[in-house]
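Numbering (this note's numbering), first residue to last: 2 to 89.
These notes are about the structure you will find just below.
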C-alpha cells in the first residue's frame with residue numbers, strides 16, 4: 002500500500018486511482034488556499050501539489066497510462082499557476 006508523505010495515510014487504491022485522488026485533493030486545497038489567502042493554507046496546497054507530482058513521477062510508466070499521467074501533470078501545472086497568481 003502507498004503512504005502519502007505529509008499525512009502518513011495509507012490507502013488501498015491502485016496507483017492511478019491514488020494519483021487521481023491526490024490531484025483532486027491538490028485542486029481543492031489550492032482553491033481553498035487562494036480564496037482564503039492564508040499563508041499556511043498555501044503551504045499545505047504546495048505540499049499537496051508536491052505529493053501528487055511525486056506519485057506521478059514514481060508511477061510505473063506504461064504506454065497505456067501516459068495520456069492519463071500527462072493530463073494529471075497538466076492539472077497540477079494549473080494548480081501551481083493559480084497558487085502563484087494568488088501569492089502575488
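Quick reminder that beta carbons are idealized off the backbone N, C-alpha and C, glycines included.
Just so you know, these numbers come straight off a predicted model, no measurement behind them.
Which two residues bound the contiguous alpha helix (DSSP H) that contains residue 35?
-> Taking the chain shown and counting its residues from 1, one reaches residue 35 at position 34. Segment 16-37, the alpha helix (DSSP H) holding residue 35.
So residue 22 and residue 46 are in contact, right, with Cβ under 8 Å, and what is the actual spacing, rounded?
-> Indexing the chain shown from 1 puts residue 22 at position 21. Indexing the chain shown from 1 puts residue 46 at position 45. In this structure residue 22 does not touch residue 46 by the C-beta definition: roughly 16 Å separates them, more than the 8 Å allowed.
Is any heavy atom of the ligand SAM found at a distance shorter than 8 Å from the C-beta of residue 48?
-> With respect to the ligand SAM, the structure offers nothing, as it holds no ligand at all.
Please go through the same chain and pick out, in chain order, the residues whose beta-carbon is closer than 8 Å to the beta-carbon of residue 53, but skip the five residues on each side of it.
-> Taking the chain shown and counting its residues from 1, one reaches residue 53 at position 52. Hits under 8 Å: 20, 23, 24, 26, 27, 73, 77.
Between the Cα of residue 79 and those of 59, 50, 17, spot the shortest distance and give me the residue it belongs to.
-> Sequence index remark: in the chain shown, residue 79 carries index 78 (1-based). Ranking 59, 50, 17 by Cα distance to residue 79 puts 50 first.
Residues near residue 88 by beta carbon distance below 7 Å, same chain, minus five either side | The residue given as residue 88 occupies position 87 in the chain shown. The residues are 43.
Note down the Cα distance separating residue 40 from residue 60, rounded to an integer number of angstroms.
-> The residue given as residue 40 occupies position 39 in the chain shown. The residue given as residue 60 occupies position 59 in the chain shown. Roughly 30 Å separates the two Cα atoms.
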